[in-house]
Each structure stands twice: as C-alpha cells, then as structure tokens.
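Reviewing the structure listed below.
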C-alpha cells in the first residue's frame, strides 16, 4: 500500500500530495544523476548503464530529492538515462526496468542499440 501511495504522489496530478517534476541541476535527483553520468561521453557509444534507484536514493552525498525518494519507495529499482540531441534540443529519455527482468537481455547489444536509437 505504501508503494502505491508513493507512486500516486509522483504520477497523479489530481492527488493533493502530488509532487510535480521540476527542472533539476546535473547530479541532483534521479534525472540529474543520470544526466551527469550520460554526459561523460559513454552514451555516444551506445553504452547503457543500469543504475539502482535505491542506491541513488540512499547515497549520503546525494542532495535530498523528494521525487527520487518516492520513486524508490514506489518500487522502482533499475533505471538508465539515454541522452538525445534533436536539432540542438538536448534531453534525456529515462527507461525504468522490471527488477526481475533477465539481466542478459538488458545488456544485450541489440537491445542497447534499440534503446539508444529510440532516444533520438
């Protein structure tokens, strides 16, 4: 039940306790961490790095981010960020993964190339 409550706070704008996404700085919150990591250059080579949401949320060096904490409480576990640059507009596509997924399929090169191509 707590997981559903946490999820509703980050996905349902009609929820009185809804916490909307806001612009973030590199390295802050889930999107900021993924953006910082993707900006290191690996993403240009279609390298997909899966991160543990709970590990990011519990990192004592990570500034507090309520949406990140709620994502962890909601049960999100594996996440990756794929950067895009479309006609000069930069951004990040965030993929969440079922924690019970077959890890071999996640790191399968054709799957990684497909995820990267979908971000463009």
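Numbering (this note's numbering), first residue to last: 2 to 121. Every residue gets a Cβ at the ideal spot worked out from N, C-alpha and C, and that includes glycine.
Any idea what DSSP makes of residue 82, helix, strand or coil?
-> Looking up residue 82 in the chain shown gives position 81. Note: residue 82 maps to strand in three-state DSSP.
Excluding sequence positions up to five away, which residues of its chain have a Cβ less than 8 Å from the Cβ of residue 98?
-> Counting from 1 along the chain shown, the entry for residue 98 is found at position 97. For residue 98, same chain residues with a beta-carbon under 8 Å away, outside a window of 5 residues either side, are 51, 78, 79, 80, 81 and 107 in chain order.
Counting pairs of beta carbons, one from the stretch 11 to 26 and one from the stretch 49 to 68, are three or more of them closer than 8 Å?
-> Taking one beta carbon from each stretch, the stretch 11 to 26 and the stretch 49 to 68 have 3 or more pairs nearer than 8 Å; the two touch.
Which residue's Cα is closest to the Cα of residue 19: 29, 34, 89 and 72?
-> Counting from 1 along the chain shown, the entry for residue 19 is found at position 18. Closest by alpha carbon: 72.
By how many angstroms is the C-alpha of residue 74 removed from the C-alpha of residue 101?
-> For the purposes of this step, residue 101 is taken as residue 100 along the chain shown, with counting starting at 1. For the purposes of this step, residue 74 is taken as residue 73 along the chain shown, with counting starting at 1. So the alpha carbons of these two residues sit roughly 17 Å apart.
In the DSSP assignment, find the unbroken beta strand (DSSP E) run with residue 94 in it and report its ends.
-> Taking the chain shown and counting its residues from 1, the one referred to as residue 94 is at position 93. Counted as a single uninterrupted DSSP element, the beta strand (DSSP E) harbouring residue 94 occupies residues 90 to 98.
Beta-carbon separation of residue 30 and residue 37 under 8 Å?
-> In the chain shown, counting from the first residue as 1, residue 30 sits at position 29. In the chain shown, counting from the first residue as 1, residue 37 sits at position 36. The answer is no: Cβ separation not under 8 Å.
Helix, strand or coil: which one does DSSP assign to residue 115?
-> As a first step, residue 115 is located in the chain shown; it is residue number 114 there, counting from the start. Assignment of residue 115 by DSSP, reduced to helix, strand and coil, places it in the helix class.
Measure the C-alpha to C-alpha separation of residue 43 and residue 3 and round it to an integer number of angstroms.
-> Your numbering for residue 43 matches position 42 in the chain shown. Your numbering for residue 3 matches position 2 in the chain shown. In this predicted model, residue 43 has a pLDDT of only 48, less than 50, meaning its place in the structure is not dependable enough to derive any value.
Quick one: residues in its chain with C-beta nearer than 8 Å to the C-beta of residue 85, no 5 flanking neighbours on either side, listed in chain order?
-> Within the chain shown, the letter at position 84 stands for residue 85. Residues of the same chain with a CB within less than 8 Å of the CB of residue 85, apart from the 5 flanking positions on each side, are 91, 92, 93, 94, 120 and 121 in chain order.
CB residue 113 to CB residue 49, shorter than 8 Å?
-> The residue you call residue 113 lines up with position 112 of the chain shown. The residue you call residue 49 lines up with position 48 of the chain shown. Yes.
May I ask you to list the residues that DSSP assigns as paired with residue 87?
-> Within the chain shown, numbered from 1, the residue matching residue 87 stands at position 86. 90.
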